[in-house]
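**Q** Residue numbers (this note's numbering), protein chains in the order written: chain A, 815 to 1226; chain B, 815 to 1226.
We put the beta carbon where it would ideally sit given N, CA and C, even for glycine.
So this is what it looks like as C-alpha cells:
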C-alpha cells in the first residue's frame, strides 16, 4: 500500500469512527462532539491503532478547527462582540491569570524546576474555543450574550497565550527577552485591529467584493482564500491559526452574500471537523497513565484546571448575572487541542517529561469531554435569566433591532 | 513558522495561484483548467517556489482528483455506461495497446534497456480521465455518448494499467510472475463487478439508505465515507483510487437524494480540485529540460504520445461515427497525473534516469494542456453529428426517456 493510500485509509477510519460515535451519542441524547472524540479514542493508537497522529492527519485536524472557527466567525458580527468587550476582556484576563497561577504553584509543590512550572502553567491556561463554540452552534446559542463573551474572551486569551508561550520557550532555552515579548504582543494586537477594522470597512464599502472576480460565481472560494490567508498570517505572527480564521469569518461575514457563503461552507466544515474531534480523542495515551501515581496526578491537575479556569472566567463575567457567568465559566474550561499543543511544545523543549505530558494531555481531553453535556441546561438558564433581568433587556432590544437591520441589508 | 503553518501557506498559495490562473483564462475565453495548471507552474518550484511537492500537497491533489471523479460518478448511471460498453472496451484496449507499442519501440530506438522500455511505454499508455471529464462537465457533456465512452474506456484503461505496471515493476526488480499478474487482473475485475452491481442493487432496493443513520441529516457524509472507503479499497488492490471514487459516485448516485448530495459535494470538490490542477502544473521541471537534446526528445515523445493514443482511441470508437471518434480520441490524450506517477515509479525503481523523467513529466503536462482548448468545438460537432445520423437516433431516444424516468424517480 503506498503512502497516499495509507493516509486515505486513516482519514476514512477516523471519519467513520467519529460519525459512528456521533450516531451512538445522538441516540443516547448526549452531545455528539463527545461521541466523535470517543470515536477517535477507539480508532486511534490507544485501542485499534488504525488511525495515527502524523503530519497529514494533524493537518486535517487543523483545517477542521480552522473551518469551525471560520464558520463561527461568519455568524459573529463585530459590533456584537464589541458590545460585550469589557466583560470579554476581564473573562479573558482572569481566565488566564488564575489557571496560570494555579499551575505554577502546583508545579512548585511537586518540586519541578522553573521551565516545568511555566509549561505546566501555560497548558493550564489554554482554552479550546472550538469545542464550546461547536456546542453553542448546535444549540443555536452563538449569538447570545454568553456566546459572544466566550468568543471575545477566547481572542484575548490567545493574545495572552502568545506572551506566556514566548516566556516559556525563552525560559526552556535559557534566555528571556522582555523587549521581544512586548513586541510580539504589539504585533498581535495590531494584526487583530487592522484585520477586523480594515477588513470590515472594505467589505462594508463594497459588499459584493467577494464575487467581483469572474471565477467566483459564489463568494465561497474567495472566502476560503481569505480564511487560509489570515490563518497563515495569524500563525506566522504567533497567534493561533484559528484566531485568524475566526477574524476572516467575521470580515467576510459582512459580504452581501453571507447566507450563500454559509450554505457552501457548511458541507466543507462538516467534512473536516470530524477529523479535528477524532484527532483530539486519538491523543489519549492509556499506557502513559497506567500507574496510580499518574492517575492521582491526573485527577489533581484536572480538578485544578477546571476550578481555576471556572473561577477566573466566572468572576470575570459576574457583572452579566450569575447564570451567564456560570455558562461562560464552564464554556472556557475545555483545553482541547490547545492544551495538547502546549504540552507537546514543553515535551520537545525538554521542559516536561513524558509522564507529565500524558497527564496534561489527559487533563486536556477530560476537560473537553465534561463540558458539552453541561452546556444545554446552562444555556437555557442563562437565556431565561436575561429575559427576566430588566437591566439586560436594554441591551437585548438594540441587539434584535441591529440583527433585523442586518438581515434586511443582506437581502437587498 | 511551524510545519502546519508552512503547509497551510503552500495550500493558500496554490489555491490563490490556481484561481488567478482560472480568472485570466476565463477572461481570455480559454479553458479554465489550463489556467489553473499554469497557476501551479508559477507558484511551484519552476518559478516562485512558494508551493512544494510534498506528502501533504500530494494528498490534497489526490483528494482533489478523487472528489472530481466522485462527482463525475454521481452524474453517471451504470446502464448508460453499459450501453456504450462494447465501444468503451475497444477504445480502452486500442488506446492502451498502440501507445504501449509506440513507447516500447521508441525506447528500443534510443537504445534503452528492457526496464526503460517498459516504463516509458507504461507512461505513454496512461490516461488522466480527470482533465477531460472536468472539461466535459463544464461543457455539460458528461451525459453524452462520447462522455460515457471516455469514462468507460478510462475504467478499462486502468484495469490494463494494473497489468502493465505490475509487469514493469517485475522487470525492474528482475522478476516476472505471470500468475501474479493474472490474479491481480482477476481481483480488479471482480472488485469493479461486485461494487458496481452489488452496490447499485443495495441502493436501488433501499434508496434512502444513506440517510438512515441519525447523524446523517443529508446523504453527504455517508456518501463521503463510501467514497473514501472505495478509493482506499481500489488503491489497495492496485487500481487507481480515482476509479474507486468514480464507482462510489455511480453507486451512491442511485440514492433518492442524489440532487441534495450533488449540491453538498459541489463546494467540497470546488475547494479541493484546484489543488489537483495546481499540483500537475507544479511538476514542471524547467531546469531538467534546459538543453536541446532534452527538448528534441520531449517533442518526439509528445508527438508519439498524442498520435498513438489518438489513433488507438479513434479507431476504437469509429463505429460511433467520425465526429464522436475524434472527440473520444482527443479526450483520451491527456496523461496528467497518471503519466507523472508512472514516471515517478520508474525513477524510484531506477529504470529511468532523471532526464527521461523530466521528459515524460513534460509530455504528461503538454498532452494535458493541449486538449482542453480543442474539446468545446469537438463536442458541438459530435453532438450535432448524432442528431443527423439516423442510426444514432434510435439510441438517443431511449436514452432521453431513461433520463426522464430517472428524474421522475428522483423526485419521488
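For chain A, find out if any of its Cβ atoms is closer than 8 angstroms to the Cβ of residue 836/B; answer yes or no.
**A** Residue numbering aside, residue 836/B sits at position 22 when the second chain is read from its first letter. Residue 836/B counts as touching chain A.
**Q** Are the C-beta atoms of residue 883/A and some chain B residue less than 8 angstroms apart?
**A** In the first chain, the residue the question calls residue 883/A occupies position 69. Not one chain B Cβ lies under 8 angstroms of residue 883/A.
**Q** Looking only at C-alpha atoms, which of 823/B, 990/B, 1054/B sits nearest to residue 1153/B?
**A** Mapped onto the second chain, residue 1153/B falls at position 339. Looking at the Cα atoms, 1054/B is the closest of the given residues.
**Q** Apart from the five residues on each side of it in sequence, which residues of its chain come closer than 8 angstroms, Cβ to Cβ, to residue 1010/A?
**A** For the purposes of this step, residue 1010/A is taken as the residue at position 196 of the first chain. So the qualifying residues of the chain are 892, 1061, 1064, 1065.
**Q** I'd like to know whether the C-beta atoms of residue 1146/A and residue 1121/A end up nearer to each other than 8 angstroms.
**A** As a first step, residue 1146/A is located in the first chain; it is residue number 332 there, counting from the start. As a first step, residue 1121/A is located in the first chain; it is residue number 307 there, counting from the start. No. Outside cutoff.
**Q** DSSP three-state call for residue 1171/A: helix, strand or coil?
**A** Reading the first chain from its first residue, position 357 is the one you call residue 1171/A. The answer is helix: DSSP assigns residue 1171/A an H, G or I state.
**Q** The alpha helix (DSSP H) spanning residue 1053/A covers which residue range?
**A** By one-based count along the first chain, residue 1053/A stands at place 239. Looking at the DSSP string, residue 1053/A is not in any alpha helix (DSSP H), and its letter there is neither H nor E.
**Q** Taking residue 913/B as part of the alpha helix (DSSP H), name the residues at either end of that continuous run.
**A** Locating residue 913/B in the second chain gives position 99, counting from the first residue. Where residue 913/B is concerned, the enclosing alpha helix (DSSP H) stretches over 899 to 923.
**Q** Classify residue 953/B as helix, strand or coil using the three-state DSSP reduction.
**A** Along the second chain, one-based indexing puts residue 953/B at 139. Coil, per DSSP.
**Q** For the alpha helix (DSSP H) that residue 971/B lies in, which residues bound it at each end?
**A** Numbered from 1 along the second chain, position 157 holds the residue referred to as residue 971/B. Start and end: 959 to 986.
**Q** Identify the continuous alpha helix (DSSP H) that holds residue 856/B and give its terminal residues.
**A** Reading the second chain from its first residue, position 42 is the one you call residue 856/B. Where residue 856/B is concerned, the enclosing alpha helix (DSSP H) stretches over 846 to 857.
**Q** As an exercise, report each continuous alpha helix (DSSP H) stretch of at least 4 residues that is fully enclosed by the region 1020 to 1093 of chain B, in chain order.
**A** Whole alpha helix (DSSP H) segments, 4+ residues: 1034 to 1050, 1055 to 1066.
**Q** Report the neighbours of residue 918/B on chain A: residues whose CB is nearer than 8 angstroms to its CB, in chain order.
**A** Indexing the second chain from 1 puts residue 918/B at position 104. Ordered by position in chain A, no residue passes the 8 angstroms Cβ test against residue 918/B, which lies about 25 angstroms from the chain.
**Q** Hey, could you find the ends of the alpha helix (DSSP H) residue 1166/A is sitting in?
**A** Numbered from its first residue, the first chain carries residue 1166/A at position 352. Careful: residue 1166/A lies outside any alpha helix (DSSP H) and carries neither H nor E.
**Q** Is residue 894/B buried or exposed, if buried means 16 or more other CB atoms sit within 10 Å of its CB?
**A** As a working note, residue 894/B is residue 80 in the second chain. Under this definition residue 894/B is a buried residue.
**Q** Classify residue 884/A as helix, strand or coil using the three-state DSSP reduction.
**A** Along the first chain, one-based indexing puts residue 884/A at 70. Residue state, collapsed to three classes: helix.
**Q** Any beta-carbon of chain B closer than 8 angstroms to the one on residue 1025/A?
**A** Along the first chain, one-based indexing puts residue 1025/A at 211. For residue 1025/A, the answer is no, since every Cβ of chain B falls outside 8 angstroms of its Cβ.
**Q** DSSP on residue 866/A, reduced to helix/strand/coil?
**A** Locating residue 866/A in the first chain gives position 52, counting from the first residue. If DSSP states are grouped into helix, strand and coil, residue 866/A belongs with coil.
**Q** Give me, in chain order, the residues of the same chain whose beta-carbon lies closer than 6 angstroms to that of residue 1090/A; leave out the 5 immediate sequence neighbours on both sides.
**A** Along the first chain, read from residue 1 onward, the residue named residue 1090/A stands at position 276. 875, 878, 879, listed in sequence order.
**Q** Between the region 932 to 945 of chain B and the region 910 to 917 of chain B, do three or more beta carbon pairs fall short of 8 angstroms?
**A** Because the criterion of three Cβ pairs below 8 angstroms is met, the region 932 to 945 of chain B and the region 910 to 917 of chain B touch.
**Q** Which whole-angstrom value describes the C-beta separation of residue 944/A and residue 873/A, a residue pair presumed to lie in contact below a C-beta threshold of 8 angstroms?
**A** For the purposes of this step, residue 944/A is taken as residue 130 along the first chain, with counting starting at 1. For the purposes of this step, residue 873/A is taken as residue 59 along the first chain, with counting starting at 1. Between residue 873/A and residue 944/A the Cβ distance is about 16 angstroms, and since that is not below 8 angstroms, they are no contact.
**Q** Evaluate residue 815/B with the Cβ neighbour count: other Cβ atoms within 10 Å of its Cβ, from every protein chain shown; 16 or more gives buried, anything less gives exposed.
**A** Position 1 of the second chain, counted from the start, is the residue given in the question as residue 815/B. It is exposed - the Cβ of residue 815/B has fewer than 16 other Cβ atoms within 10 Å.
**Q** Report buried or exposed for residue 836/A, applying the criterion of at least 16 other Cβ atoms within 10 angstroms of its Cβ.
**A** As a first step, residue 836/A must be located in the first chain, where it is residue number 22. Per the 10 Å Cβ criterion, buried.
**Q** For the region 1039 to 1062 of chain A, list every residue whose C-beta sits within 7 angstroms of some C-beta in chain B, in sequence order.
**A** If the cut-off is 7 angstroms between Cβ atoms, the region 1039 to 1062 of chain A has 1039, 1042, 1043, 1045, 1046, 1049, 1050, 1055 near chain B.
**Q** Please tell me whether residue 847/A and residue 1081/A are closer than 8 angstroms, where the distance is taken between their beta carbons.
**A** Along the first chain, read from residue 1 onward, the residue named residue 847/A stands at position 33. Along the first chain, read from residue 1 onward, the residue named residue 1081/A stands at position 267. No, the pair does not count as a contact, with Cβ atoms beyond the cut-off.
**Q** In angstroms, rounded to a whole number, what distance separates the CA positions of residue 1078/B and residue 1104/A?
**A** By one-based count along the second chain, residue 1078/B stands at place 264. By one-based count along the first chain, residue 1104/A stands at place 290. Whole-angstrom Cα-Cα distance: 44 angstroms.
**Q** Any beta-carbon of chain A closer than 8 angstroms to the one on residue 979/B?
**A** Along the second chain, one-based indexing puts residue 979/B at 165. Residue 979/B does not count as touching chain A.
**Q** Run through DSSP, which three-state label would residue 1099/A get?
**A** Translated into the one-based positions of the first chain, residue 1099/A becomes position 285. In the structure shown, residue 1099/A sits in coil (DSSP, three-state: anything other than H, G, I, E or B).
**Q** Measure the Cβ-Cβ separation of residue 901/B and residue 1130/B and say whether it is below 8 angstroms.
**A** Numbered from its first residue, the second chain carries residue 901/B at position 87. Numbered from its first residue, the second chain carries residue 1130/B at position 316. Yes, the Cβ-Cβ distance between residue 901/B and residue 1130/B is below 8 angstroms.
**Q** What does the Cβ neighbour count give for residue 1069/A, buried or exposed, with the cut at 16 atoms within 10 Å?
**A** Counted from its first residue, the first chain places residue 1069/A at position 255. Buried, because 16 or more other Cβ atoms sit within 10 Å of the Cβ of residue 1069/A.
**Q** Between the region 1005 to 1018 of chain A and chain B, which residues of the former have CB atoms less than 8 angstroms from a CB of the latter, in chain order?
**A** The residues in question: there are none.
**Q** What in chain B is Cβ-close to residue 817/A, meaning under 7 angstroms?
**A** Translated into positions along the first chain, residue 817/A becomes position 3. Going along chain B in sequence order, the residues near residue 817/A (Cβ under 7 angstroms) are 869.
**Q** Residue 1093/A touches chain B at which residues, Cβ-Cβ below 8 angstroms?
**A** Working through the first chain from its first residue, we reach residue 1093/A at position 279. Per Cβ cutoff of 8 angstroms: no residues; residue 1093/A is ~12 angstroms from chain B at best.
**Q** Given that residue 821/A touches chain B, what residues does it touch there, using C-beta distances under 7 angstroms?
**A** Along the first chain, read from residue 1 onward, the residue named residue 821/A stands at position 7. Correct list: 873.
**Q** Give me the Cα-Cα distance between residue 910/B and residue 1178/B, rounded to the nearest whole angstrom.
**A** The sequence position of residue 910/B within the second chain is 96, counting from 1. The sequence position of residue 1178/B within the second chain is 364, counting from 1. Going from the Cα of residue 910/B to the Cα of residue 1178/B covers about 15 angstroms.
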